[in-house]
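Each residue of the sequence shown is one higher than the one before, starting from 1 at the first, in our numbering.
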Amino acid sequence: MPAPATSLRDTVETTLPKIFDQAQSSIANHQKNCVALYKLHITASELRQSSSSGNGEKLVGERFFEENICDMISRVLLVKKGQAVADRIAKFLGAYIKVLVEKTEEEVRREGRDEDEDTIADRFMARVFRHLLQAFVAKDKTIRYRAVQIVGEMLPHVGLMDEGLYQEMRGALLGRLHDKEPHIRAISAASLAKLLTTEEPDDVAEGETPLLDALVDVLKYDTSPEVRRAALVNIHVTADTIPHLLTRTRDLDSNVRKHAYSTVLERNCNIGEGEDSKSVGNAHPRFLSIEHREMVIRHGLGDREPSVRAAAANLVGTWVDVMRDPNQIVKNETPAQELEQTMLLFLKLFDLQEVTIAEEALMSVFKTRAEIFENLELGDTFWESLTPEKTFLARVFVDQCVAAKNDGRLDTTLPVVTAMAFRIQERYNNLMDLVKIELDEETIRLDEREEDRARGEEERMSQEFILTELLKLAVNLDYADEIGRRKMFQLVRAMIAHQALPEGLASRCLDVLRKLSDSERDLIMVVVEVIHELRDTEESDDEVVPMGEDGDQSVASSSGAHKKKVAVTAQEQSQRDAMDMRCLSLCIGMLERVNGTFEENSTLEGVLSELIVPAVRNKEQYLREKGLICLGLCCLIARKMAARSLQLFLNQIAGAPTQFKLRLLQVVFDVLMVHESDFLSAGSGDNSDKIVEYLLSVLKADENAEIHACVCIGLAKLLLSGMITNTNALETIFLLYVTPETNDNLELRQCLSYFFPVYCYSNSENQRKMKELFLPLFSQITEMYAGLDEGQTMVSPLQLGSMLVDWTDPDKAVEVPGRKKDDRVHIDLAADIVKVLFDDKLSRENKKILCQLLGKLHLPDSVDENNIKTLKLLIYNVQSRRSPREAVAKNALAKFDATISNKYSAQLESFSEEDYRKLEYLKDLFEFLDDIIPEEEPDPELPAPVAKGKKRRSTSVTTTTTGGSGDDTDGGRASTAKSGRGRLGGKSKKPRLSNSDEDSEIDYDKTPVRKTNAARTRSAPTRAATQKPRTVIEISSDDDDGETTPVARGKSTRYRSPVKREEAEDVGEETPGAGDSIMDESEEEEEEVGGMLEGDD
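As structure tokens, this is what we get:
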């Protein structure tokens, strides 16, 4: 019998609060209270009334129960975030939806009703959801948060949902993705991810945003790590979502990156337990593409955060576990053999040609899974049939044993030298056979199918890889056995002397030869002998000289022997060039492994004159590039040769292609760093500045991102090591760092983001240099920011200024033994900033930024009295004569003034301007201040300014509560006019330096300057209607004083911001160094290259 309405009302109103009260206390009783609430719900549903039309019944009891539930939910909506009682109620409502849906579905199945028929669960969810959807748009963020939270708890347990309600829910949650509160957006993303599994592409109406697209946008672009993490861990892992989820391995937040490996990838490798075929998850490594697997290894194991690296290492270890295939285990196979088979299957996940990725993955397994490393056994049977995976496994295992100094495992793993030599010889013979077959097929069997050719190429690459790994293993062998040593030496020497040996294998052979050679001299002699043998096979007793179409002949060999010249065909010349390339590659590999000087190895002189110099003179770019690399390596071990050859490398830079230019720049920087004393030391004269200015001109003239990165990295190394102190270089690379033109140049940005903090914090002298550049850089930054084109992005001047202030903080400088920290850096910077505030041309926005930066300066506990008095005087005059108009700037300046006055009250106690004027060394400062014309509308909040006079002033500065971070007689040291880089304000790029008191602009040259540390003055370039002769630099040499070589010099060394100022560009400016290539004039070229050898004779 249905319960009477009054009795039901009393029951619901009494029981329901008790159930919710218990549910908010503990999660442990939720199951019990869900059952009690379900019984109450069923009881209420039995109360019905006939409709007035007599066509049906009114669900009076259900409506009353639902109204009371909504009333309870409304009370929860007002509880702020962080209260556990409300969180428990949200979980309780989710648990009740689960119970209600399960019970209802069970009843429908038992009674055999139609599934589309309306049920008690459908009516309850529709009523509660629509009640909560109304709260989605509430003004109170707490109500919105709780409504979205409860919906998020209930959605996972909802079965079938009415289409209309689904669309309402979908639209409301999509709207909450743009909520201004991150925690609301996070729950909305998690809720939509649950709806994502039910949405098909055909279900999305035209004009609507697919849920996957919306969630991907949140995953990639939401500014809150909490929201990105919520989307990441809740999006279902499928073949469509995996590429988007893997992008979070490069997320800015380390916690998001860690969840990408642990929560998303590792948990979805397998689903379930045991050998069930359904246990393979969607993130199983076999389901990932090889590109995605390599991305996981590269990004995860190379992450800068230890927690992320640990999560990635655990994932790689899980891959080993899931690769164990029970179907491939041979009966009676030992655990060691089973482990070996598993590791080989694991290595099949990677492209072993990309050695670095697979090696990192295997090394990670050996380090994180110690039991695998300890139980892996490579016995004699292992070496009988080698595959690429087996040789790679053995080589990495041996490397790990060497790194761990585990000599016991090493001895039991490696075969004896003689056996290894025979295995290397066998693989070498197989490779040469395949190479010969390929050559025959190219000339004879041209009609062979593409599949067969591809199969043959794959087999050749496989044999080459096996041989490479065996040669790497051979470096770690014990060569105490003299017989095995001789066998290996003869084999490797014969291999590098073979013309068809791949270039990659030659370097591995040289590693083995270096291990077998008693000294570097022996290694050089062996390689030089091989080079002569290779060249002798192509040359007859008569000298062969190629004849070109123009009849020109190459320069004869420097050996001096008179030989008959014979013309050769183009094919023969091509073969000679290929042999020279092979010999140059051997020479490069040999020189890379030599640490002694050139003079100690006289054998190299013959290679230099007969092979390297002709290659440098050759008109074929690929030969010239190899020759210059060889010459550069020779210069690293030959100081005199480097002094004569640097000009040659510089001349080649301007007209070279990008890749060639990169190699040349690398050679130049290597030579400069190795032979610092010859080019960059104080004893080298002005060579250092000339070289740096030329490199900066190359940086300015070339727009290639790789060139920018290469030059910036090289200059950063020179600056960080103290080899150069050129402020132009420091300024230029900073502007490149912040300009929007380099937003996509990640190599440059990553290098400089590390360089600048390390450079500034390494010592106070570097902080002083950055302080001197602060105002010129700020001027150019603001100009650059104001001239941004549409679509360009750049860090704001306030953020960049704050960054510079942080870098110059003397409190963060590292203590250098024997040196005292310069605590005055920020005091001097404050004086520089305050002086600029006198400029009436400075924009209000820039004044506001500079005043805000004053509050971020570090004020030391002890300061020179003259410094702080000078700063106090400057602040007083700024406030009385050129006070900022904006309230933010004015308040920031007043706050800084108050800080100065309070912190240094003892030093400022008896300070009066009249006494201060009597100091002779402050004469220039007061002339500067007296020339300042007060603004027409003085600040009413300040005392009346003192009448201007050069002989007497009695007003005491300490009577006002103003502040600053001051300077002494050095106060004007960093003014913009002194540095010659331009004043602040507007879009003016060049300063107008006035020498007249009547000039309306400030004459910064009249500010007091400490003569012992004055900055250079750079004059503005004049304009010319016609092109002027290009200037050159002369690099002098201590070893060859009479020999100088011209190098092109850029007309400007400062990086120009990408502001649209076409009218300011010099039409007569030409690319630095254009036409300086040694290939332009053959006679000068031969004299220049040949001159390198004369000094060595």
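Glycine included, C-beta positions come from ideal geometry on N, C-alpha and C.
Given the structure is predicted, the values throughout are model-derived calculations rather than measurements.
What would DSSP say about residue i, mapped onto helix, strand or coil?
i      : result
Gln907 : coil
Glu605 : helix
Glu333 : coil
Lys436 : helix
Val148 : helix
Asn891 : helix
Gln621 : helix
Glu57  : strand
Val280 : strand
Gln575 : helix
Asn846 : helix
Ser721 : coil
Asn866 : helix
Gln659 : helix
Asn270 : strand
Ser684 : helix
Using only the alpha-carbon positions, how far apart do residue i and residue j sit?
i       : j      : result
Glu592  : Thr603 : 16 Å
Val99   : Leu212 : 29 Å
Phe124  : Val237 : 32 Å
Thr11   : Thr104 : 23 Å
Glu453  : Gln167 : Residue 453 is actually Arg in this sequence, not Glu. Cα-Cα distance, rounded: 57 Å.
Glu533  : Asp478 : 30 Å
Gln1109 : Val668 : There is no way to answer for residue 1109, as the model of the chain reaches only from 1 to 1097.
Ala898  : Asn867 : 16 Å
Lys661  : Gly627 : 14 Å
Thr241  : Thr209 : 16 Å
Met495  : Met461 : 17 Å
Phe64   : His244 : 47 Å
Lys91   : His284 : 32 Å
Gly675  : Phe896 : A small fix is needed here, since residue 675 is His in this sequence, not Gly. Each residue's Cα considered, the two are about 49 Å apart.
Phe20   : Phe136 : 23 Å
Met169  : Lys194 : 12 Å
Val416  : Glu359 : 24 Å
Leu173  : Val834 : 52 Å
Gln1101 : Tyr785 : Lying before the first or after the last residue shown, residue 1101 is absent from the chain, which here runs from 1 to 1097.
Val738  : Val795 : 7 Å
Thr142  : Leu78  : 6 Å
State yes or no: is the C-beta of residue i within less than 9 Å of the C-beta of residue j?
i       : j      : result
Ala654  : Leu695 : no
Arg409  : Leu473 : no
Phe392  : Leu362 : yes
Glu482  : Pro388 : no
Cys401  : Trp319 : no
Ile187  : Gly152 : yes
Cys1108 : Leu752 : Nothing can be reported for residue 1108: it is not among the residues displayed for the chain, which extend from 1 to 1097.
Ile235  : His157 : no
Arg768  : Asp806 : no
Val528  : Leu513 : no
Within 10 angstroms of the Cβ of residue i, are there 16 or more other Cβ atoms? Answer buried if so, exposed if not.
i      : result
Leu439 : exposed
His183 : buried
Ser697 : buried
Asn704 : exposed
Glu625 : buried
Val85  : exposed
Asp811 : exposed
Arg75  : exposed
Glu458 : exposed
Ile290 : exposed
Gly302 : exposed
Every unbroken beta strand (DSSP E) inside the stretch 473 to 500 [3 residues or more]: none
Start-end ranges of the alpha helix (DSSP H) lying completely within the stretch 716 to 796, minimum 4 residues: 727 to 738, 746 to 762 and 764 to 786
Length at least 4, wholly inside the stretch 302 to 378: the alpha helix (DSSP H) runs in chain order: The qualifying runs are 306 to 322, 335 to 347, 355 to 368 and 370 to 375.
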